[in-house]
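One structure is given below, encoded as structure tokens.
Numbering (our numbering), first residue to last: 30 to 144.
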């Protein structure tokens, strides 16, 4: 009984993560097309990339949470190793996405300060 409830929770969290990523990708695609039709400046796309990066980061956090939930009930050593590998990869992705977001935010702020 507990195992089924755990599986349902994992599925819900995985779907939430996938949904966040999907919504972010659709939002970014729509904004990309709208901005691309209005403006030809590459700088106009930076805020879109920043928002997409935030969606990706949040979605990856949900996916990691699902992996943690999956191994929460009596995990085997194999599952613990897989979780460690997945957590390392997703944490690295989040780190680099976060770093890129901060860099682009600085660039946007510097561009706004220029007359």
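Backbone N, C-alpha and C define an ideal beta-carbon position, used for all residues, glycine too.
Please read these numbers as outputs of a predicted model, since none were measured by experiment.
Annotated three-state conformation of residue 80 is helix, per DSSP. Sequence-distant partners of residue 46 (beyond 5 residues in either direction) whose C-beta falls short of 6 Å from its own C-beta, in its chain, are 88, 91, 92. Distance from the Cα of residue 118 is smallest, within the candidate group 135, 137, 139, 86, for 86. Here residue 37 is not near residue 98, since their CB atoms are 7 Å or more apart. Considering only 60, 84, 63, the residue with the shortest C-alpha distance to residue 127 is 84. DSSP places residue 69 in the coil class of the three-state scheme, outside both helix and strand. Nearest C-alpha to residue 94 among 104, 75, 67, 112: 112. Counting the other CB atoms within 10 Å of its CB gives residue 63 a total below 16, which places it among the exposed residues. In the structure shown, residue 107 falls within a helical segment according to DSSP collapsed to helix, strand and coil. Comparing alpha-carbon positions, the option among 61, 121, 105 lying closest to residue 78 turns out to be 61.
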